[in-house]
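Q:
Residue numbers (the working numbering): 210 to 321.
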């Protein structure tokens, strides 16, 4: 059975396959755990890293993303998570993953 969901920022379009997995990874990575009603375990605990300008914040997010995305999105396998600071002090995290169904690699970027 194929899975699909509404495309982000669209009222009529849907995504499926690899694009569905990619959108799910980005949604999990950018959602604060506990913020979705009736789904308290969805997302990642981002608060400890918000506003931090320490390499420890990046290390923390690498661990959180690797663990939580692997648990919450079983259709993909995380291959690497990399973080860096932007000029304005945000943390930019790049999450590389492989879709288990077709073995295609892709990535998403999120800002904390």
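Built from N, CA and C at the ideal position, the CB exists for glycine as well.
Predicted, not measured: the structure shown is a model, and the values here were computed from it.
#1: Inspect the beta-carbon positions of residue 253 and residue 284 and report whether they are closer than 8 Å.
#2: In the structure shown, what three-state DSSP assignment does residue 245 receive?
#3: Let me know if residue 210 comes out buried or exposed under the rule of 16 or more other beta-carbons within 10 Å of its beta-carbon.
#4: Hey, quick one: how far does the alpha helix (DSSP H) through residue 321 stretch, first residue to last?
#5: Contact check, residue 238 vs residue 291 under 8 Å by CB: the rounded distance?
#6: Using DSSP with H/G/I as helix, E/B as strand and the rest coil, what is residue 296?
#7: Residue 267 and residue 275 - do their beta-carbons sit closer together than 8 Å?
A: So, from the data block:
#1: Contact annotation: residue 253 and residue 284 have beta-carbon atoms that are not nearer than 8 Å.
#2: It is coil, neither helix nor strand.
#3: In this prediction, residue 210 has a pLDDT of 42, which is less than 50 and means its spatial position is unreliable; nothing more can be read from the coordinates.
#4: Per DSSP, residue 321 belongs to no alpha helix (DSSP H) and is neither H nor E.
#5: In fact, because the Cβ distance is near 13 Å, the residues do not count as touching under 8 Å.
#6: Taken through DSSP and simplified to helix, strand or coil, residue 296 comes out as coil.
#7: No. Outside cutoff.
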